[in-house]
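K.L.:
Read left to right, the sequence shown gives residues 196 to 451 (my numbering).
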Amino acid sequence: MSLRLENKIALITGAGSGIGRAAALLFASEGARVGCVDLVPEFAEETAKMIKAEGGEAVGIHADVRSSADTQGMIRAVVSEFGDLDILFNNAGTGIRGSVHELEEEQWDTVIGINLTGIFQSSKAAIPHFLSRGKGNIVNTASTFSLLATTRYPAYCASKGGVLMLTKQMALDYGPSIRVNCICPGATDTPRLRRHINEAQDPAGYEQELASLNAVMGRLADPKEIAYAALFLASEESSFVTGHALVVDGGQTIDA
Ligand SMILES: NC(=O)c1ccc[n+]([C@@H]2O[C@H](COP(=O)([O-])OP(=O)(O)OC[C@H]3O[C@@H](n4cnc5c(N)ncnc54)[C@H](O)[C@@H]3O)[C@@H](O)[C@H]2O)c1
196 MSLRLENKIA
206 LITGAGSGIG
216 RAAALLFASE
226 GARVGCVDLV
236 PEFAEETAKM
246 IKAEGGEAVG
256 IHADVRSSAD
266 TQGMIRAVVS
276 EFGDLDILFN
286 NAGTGIRGSV
296 HELEEEQWDT
306 VIGINLTGIF
316 QSSKAAIPHF
326 LSRGKGNIVN
336 TASTFSLLAT
346 TRYPAYCASK
356 GGVLMLTKQM
366 ALDYGPSIRV
376 NCICPGATDT
386 PRLRRHINEA
396 QDPAGYEQEL
406 ASLNAVMGRL
416 ADPKEIAYAA
426 LFLASEESSF
436 VTGHALVVDG
446 GQTIDA
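(1) Using a Cβ-Cβ cutoff of less than 8 Å, which residues in the same chain neighbour LEU415 once the five nearest sequence positions on both sides are dropped?
(2) So what does DSSP say about GLY413, is it helix, strand or coil?
(3) If I measure Cβ to Cβ from GLY209 and keep anything under 7 Å in the same chain, skipping five residues before and after, which residues do I get?
(4) With DSSP run on the structure shown, which of helix, strand or coil describes ALA287?
(5) By how many angstroms is the C-alpha of ASN393 removed from the C-alpha of GLY400?
(6) Starting from PRO398, trace the alpha helix (DSSP H) in both directions and tell me its first and last residue.
(7) Any chance the CB of LEU342 is under 8 Å from a heavy atom of ligand 1?
(8) Following the continuous alpha helix (DSSP H) through GLY213, name the residue where it begins and the one where it ends.
(9) Identify whether HIS324 lies in helix, strand or coil by the three-state DSSP scheme.
(10) Specify, as a first and last residue, the run of the beta strand (DSSP E) that VAL254 falls within.
(11) What are the complete beta strand (DSSP E) segments, minimum 3 residues, inside the stretch 341–391?
(12) Please determine whether the Cβ atom of GLY215 lies at a distance below 8 Å from any heavy atom of ligand 1.
(13) For ILE314, which three-state DSSP category applies?
(14) Determine the contact status of ARG228 and GLY293, defining contact as a CB-CB distance below 9 Å.
(15) So does SER327 have its beta carbon nearer than 8 Å to some heavy atom of ligand 1?
(16) Return the first residue and the last residue of the alpha helix (DSSP H) that LEU441 is part of.
(17) From the DSSP output, in three-state form, read off GLY331 for me.
(18) If distances are taken between C-alpha atoms only, which option among ILE322, PRO323, THR312 and GLY413 comes closest to ALA337?
(19) Quick check: the Cα distance between VAL442 and PRO380, rounded to an integer number of angstroms?
(20) DSSP state of ARG271, grouped into three classes?
(21) Could you round the C-beta distance between VAL321 and LEU283 to whole angstroms and report it? I think they count as a contact, below 8 Å.
(22) Can you tell which of LEU326, SER327, VAL295 and ALA205 has its C-alpha closest to the C-alpha of GLU276?
(23) Only counting the same chain, and skipping five residues up and downstream in sequence, which positions put a Cβ closer than 7 Å to that of CYS352?
(24) Residues in the same chain with beta-carbon distance under 8 Å from ARG261, minus the five sequence neighbours each way, listed in chain order, please.
(25) Provide the residue span of the beta strand (DSSP E) that contains ALA205, from first to last.
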């Protein structure tokens, strides 16, 4: 049986941790050569090292997705390393809690900059390459908070709402040659979520609260369960799917 991403070249942002790292390892195990991009160079290198240790091919690339120079550079780096680019997985993201009156302008800019402008910059850098070869595939990481709001998370909700609509908009502009889809994960057990849990006044209670958000499953998702959804959209198995938001949320939005 052939591998699901055989001969494909993928670039994943935020590949140094959590969902991005799980996707990098999964994509590589399905035959992709992977550009592992992260703001923290050691994180990117570590993921690339993990892939190589499993016999795969990968390169660690340092880039801040908010920067056009960096995103142009990351596309150049992966194309120069592997000769082409098939898949861009825009996954880097962050979140800062605080209602509008509590949030500093700088915090707002950080969240919108990474989660939304980062996808604009990375896509802007990759699309000329995709257009020149007549095909390409973009997968974005949105969130269940693209679909429903939560308390004290305005920049995150606004950014992820934007990711959903940017996904649909780009799917219109660049189809059929470039497919653009997004995944909407529910609460997932990544280092970022663990940090939030550990900083809570009652970590065990907060973890339980987060797990119960994923209403039907009643537990946190494993990053690999989210990575499989990204794999489907990144692969030819989803060749007739574009502008779609694939919800992977253990039932969180079932009655939304
Ligand atoms: N964990 C969850 O519960 C959850 C739920 C829904 C959506 N998401 C989304 O999934 C994505 C991954 O989140 P995660 O939980 O795996 O987080 P994580 O913090 O574990 O990993 C994110 C990675 O992105 C990198 N990164 C941050 N800013 C960057 C930048 N400017 N340029 C390049 N890389 C940058 C970080 O260094 C980190 O390695 C995010 O878009 C997040 O919003 C997460």
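Backbone N, C-alpha and C define an ideal beta-carbon position, used for all residues, glycine too.
P.N.:
Taking the coordinates as given:
(1) ALA382, THR383, ASP384, LEU388, GLU402, LEU405, ALA406 and ASN409
(2) coil
(3) GLY215, ASP233, ASN286, ALA287 and GLY288
(4) coil
(5) 11 Å
(6) 398–408
(7) no
(8) 213–224
(9) helix
(10) 253–257
(11) 373–380
(12) yes
(13) helix
(14) no
(15) no
(16) Here LEU441 belongs to no alpha helix (DSSP H); instead the beta strand (DSSP E) covers 440–443.
(17) strand
(18) THR312
(19) 6 Å
(20) helix
(21) In the sequence as presented, Val is not what sits at residue 321; that position holds Ala. Rounded, the Cβ-Cβ distance is 5 Å, consistent with contact.
(22) ALA205
(23) PHE340, ALA344 and THR345
(24) GLY308, ILE309, THR312, GLY313 and GLN316
(25) 204–208
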